[in-house]
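Enquirer:
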Amino acid sequence: MAYLSGVPIIILKEGTERKQGKDAQKNNIAAAKAVAETVRTTLGPKGMDKMLVDSLGDVTITNDGATILDTIDVEHPAAKMLVEVAKTQDDKVGDGTTTSVIITGELLNLAQELMEQSVHPTIIFRGYRKALLQSKEILQELATSIDINDKETLIKLAGTSMNSKLISGVLNHFADIAVKAVSQIKEERGASIVIDLDQIQIIKKEGKSLLDTKMINGIIVDKEIVHSMMPKFVKNAKIALISSSLEVEKTEFDAEIKIQTPDQINKFLEEESKMLKNRVLKLKNVGANVVFCQKGVDDKAQNFLARDNIITIRRVKRSDMEKLAKATKARIINNLFEITPNDLGNAGKVEEKKIGDDNMIFVSECVDPKAVSILIRAGINHVVDEAERILHDALSVVKAAIEVPYILPGGGASEIELAKRLKTYARSIGGRQQLAIEIYANALEIIPKTLVENAGYNPVDLLVELRSKHESKDGTSYGINISTGKPDNMMDLGVIEPLSVLIQAIQSATEVASMILKIDDVIAASGLSKGGME
């Protein structure tokens, strides 16, 4: 409400809630800190899990930050911004979601302390921006280049990202699968390497153990062979991919056929059979012995195909057809009569297998496939789902390391070294912005501190030891050894992470923290419940 010559002027609708100045800032920071605290206990190999129950009663047990924030129903607008941080991190690099959210929460927490000392948010924002730019330069200096074909290093990277207790016994097995899968689908396009993780198909089935999880050099199609008389197995498969149907097509307009005698009915049916037989004959003549059809297959066509021992699978998803094309080097054909032998794909074998309660088609032993499948097995559904999330992190980390082939030591080593150098940099800036850069450096130390706390050790003692190690000439790679509770060389232990993951994490955290700090007025429409503002 505003006033003109003592007369009130109503600007906002009745019921609209508004918070201004320090109240708005405190509310936003408190909401963001609450979200950060929610995921903080999940960080690291000794992190705890969260049990999430949705409105339908479905239970999810995970320690994956992106999954937790995506599942919980966040109402406060500032808290939603932290959920977006996690989504952005997950979309860009696939890992480091928990790290980015924790750093955001700490940047806001320490900024609030400065604001209480009458430091303006704009000064803090500028200091954060300078600290971010300097951090990128420092991390680039600290990073070590790697050979993208060095399988051992890539396995270490994948293993570091899969820090869940759930798969600790099969960590190397999963890491090996992740490296093989990403290395198989990478494509060189000029000077750059392109990796599309959508070309890695993940199939989940309950039963057996995590050790039975395996990668297929080809594609698994969750369908059955259409006819019982067709072979269930074929070697040296010649595969046709057809996007049209193997049925007698209906006309696009209504038509009336006058039949007056039984002979005419027979002729009509014979003509239908002849049309279907010609299509099957075309497939046989080009040498196809396996057919994947995106649409339906007529019963008569099934009989003809079975007679010629051609395995046929119908109503295959478009996405699976595209993956099959990538894996077998087949072309997806729309007009069956235009198919040639060159349009067929190749696979070492195609077979129908029973996995759990379902029959599935395995197209395997493809030569240099650019699409592969991973079949995840585990005893119960919760473990299968968590294994998929863990594998997603590993695939994303390997992808990030291949696309930007630089690594950093993990275990909080990079954050401690970065904090140390930023404090030195802050002294060269001076003024109030120096204070902002110093608290930025302190905020980064929340990562090693959290790792230590989640492992059950004393964070004060260990951080002092870590800082002492980093003061020495060769101490830049020292982080927390979770097993011993002592500082250790992370590069020697094989605890490493891609450069791009940490850079994206601090960039996302800085941008969102700065955005929240600059908000001094929150106007909520009357339709928003008060709980979202408090």
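For the sequence shown, this note's numbering begins at 1 and goes up steadily by one. Ideal placement from N, C-alpha and C gives every residue a C-beta, glycine not left out.
1) Check whether the segment 169-189 touches the segment 508-524, taking contact to mean three or more Cβ pairs, one atom from each stretch, closer than 8 Å.
2) For Asp-320, collect the residues of the same chain with a Cβ closer than 6 Å to its Cβ; drop the 5 residues on either side in sequence, then sort them by chain order.
3) Is the beta carbon of Lys-50 closer than 9 Å to that of Thr-62?
4) Roughly how many angstroms separate the alpha carbons of Ala-400 and Lys-186, rounded to a whole number?
5) What does a CB cutoff of less than 7 Å around Lys-446 pick up in its chain, not counting 5 residues either side in sequence?
6) To the nearest angstrom, how far is it from the Cα of Ala-32 to the Cα of Met-360?
7) Does the pairing of the segment 334-344 with the segment 381-388 give three or more beta-carbon distances under 8 Å?
8) Going by DSSP, what residue range makes up the alpha helix (DSSP H) through Asn-149?
9) Relative to the C-alpha of Lys-370, which candidate in Ile-216, Ile-239 and Glu-415 has its C-alpha closest?
10) Any contact of the segment 290-305 with the segment 318-334, i.e. 3+ C-beta pairs under 8 Å?
11) Within 10 angstroms of its Cβ, does Gln-140 collect 16 or more other Cβ (buried), or is it exposed?
12) Can you have a look at Ser-477 and say buried or exposed, based on whether 16 or more other CB atoms are within 10 angstroms of its CB?
13) Which of the three DSSP states, helix, strand or coil, is assigned to Met-360?
14) Report the partner residues of Ser-373 according to the DSSP bridge assignment.
15) Could you tell me the distance, in whole angstroms, from the CA atom of Ile-407 to the CA atom of Ser-145?
16) Compute the Euclidean distance between the alpha carbons of Ser-100 and Ala-347, then round it to the nearest angstrom.
17) So, at 7 Å on beta carbons, what are the nonlocal neighbours of Met-491 in its own chain, with the 5 sequence-adjacent residues on each side left out?
18) Could you check what DSSP says for Met-51 in three-state terms: helix, strand or coil?
19) Please name the residue in Val-495, Ile-429, Glu-415 and Ala-509 whose C-alpha comes closest to that of Leu-463.
20) Which two residues bound the contiguous alpha helix (DSSP H) that contains Asp-222?
21) Would you tell me roughly how many angstroms separate the C-alpha atoms of Ala-441 and Ile-242, rounded to the nearest one?
22) What's the C-alpha gap between Leu-82 and Arg-421?
23) Helix, strand or coil for Ile-102, going by three-state DSSP, please let me know.
24) With DSSP collapsed to three states, give me the class of Arg-189.
25) Can you tell me the Cα-Cα spacing of Ala-24 and Met-115, whole angstroms?
26) Can you give me the Cβ contacts of Lys-542 inside the same chain, cut-off strictly under 6 Å, excluding the 5 residues immediately before and after it?
27) Does Thr-251 come out as helix, strand or coil in the three-state DSSP assignment?
28) Check for me: the alpha helix (DSSP H) holding Lys-518 runs from which residue to which?
29) Would you kindly check if the distance between the Cβ of Asp-64 and the Cβ of Ile-390 is under 9 Å?
30) Between the C-alpha atoms of Leu-305 and Ala-327, what's the straight-line distance to the nearest angstrom?
Expert: The short version:
1) In short, these stretches do not touch, since the Cβ pair count stays below three.
2) Cβ neighbours of Asp-320 beyond the five flanking positions: Val-221.
3) The criterion of a C-beta distance shorter than 9 Å is satisfied by Thr-62 and Lys-50.
4) Take the alpha-carbon of Ala-400 and the one of Lys-186: they are about 12 Å apart.
5) Looking at the sequence provided, one finds Ile at residue 446 rather than Lys. Sequence-distant Cβ neighbours of Ile-446 in its own chain, meaning closer than 7 Å and more than five residues away, are Ile-102, Ile-103 and Glu-106.
6) Each residue's Cα considered, the two are about 46 Å apart.
7) Of all C-beta pairs linking the segment 334-344 to the segment 381-388, fewer than three are shorter than 8 Å, placing the two stretches out of contact.
8) Per DSSP, Asn-149 lies in no alpha helix (DSSP H) segment and is marked neither H nor E.
9) For the options Ile-216, Ile-239 and Glu-415, the alpha carbon positioned closest to that of Lys-370 is the one of Ile-216.
10) Short answer: they touch.
11) Burial call: exposed.
12) With at least 16 other beta carbons inside 10 angstroms of its own, Ser-477 counts as buried.
13) Shown here, Met-360 sits in a strand according to DSSP, grouped into three states.
14) Its beta-bridge partners are Gln-201 and Ile-216.
15) A straight line joining the alpha-carbon of Ile-407 with that of Ser-145 spans about 6 Å.
16) Looking at the backbone, the Cα of Ser-100 and that of Ala-347 are separated by about 43 Å.
17) These residues qualify, in order along the chain: Pro-409 and Ser-477.
18) Note: Met-51 maps to strand in three-state DSSP.
19) Closest option to Leu-463, Cα to Cα, is Glu-415.
20) Boundaries cannot be given for Asp-222, as no alpha helix (DSSP H) includes it and DSSP labels it neither H nor E.
21) C-alpha separation (whole angstroms): 58 Å.
22) The alpha-carbon separation between Leu-82 and Arg-421 amounts to approximately 27 Å.
23) The three-state reading of DSSP puts Ile-102 in helix, counting H, G and I together.
24) In the structure shown, Arg-189 sits in a strand (DSSP, three-state: E or B).
25) Distance between the alpha carbons of Ala-24 and Met-115 is about 13 Å.
26) The structure shown has nothing for residue 542, since the chain only spans 1 to 534.
27) Unreliable placement is indicated for Thr-251, whose pLDDT of 49 sits below 50; the coordinate value is still reported in the next sentence. If DSSP states are grouped into helix, strand and coil, Thr-251 belongs with coil.
28) It is not in any alpha helix (DSSP H) - Lys-518 carries neither H nor E in the DSSP assignment.
29) With respect to Asp-64, Ile-390 sits close: the two C-beta atoms are nearer than 9 Å.
30) Those two C-alpha atoms are separated by around 24 Å.
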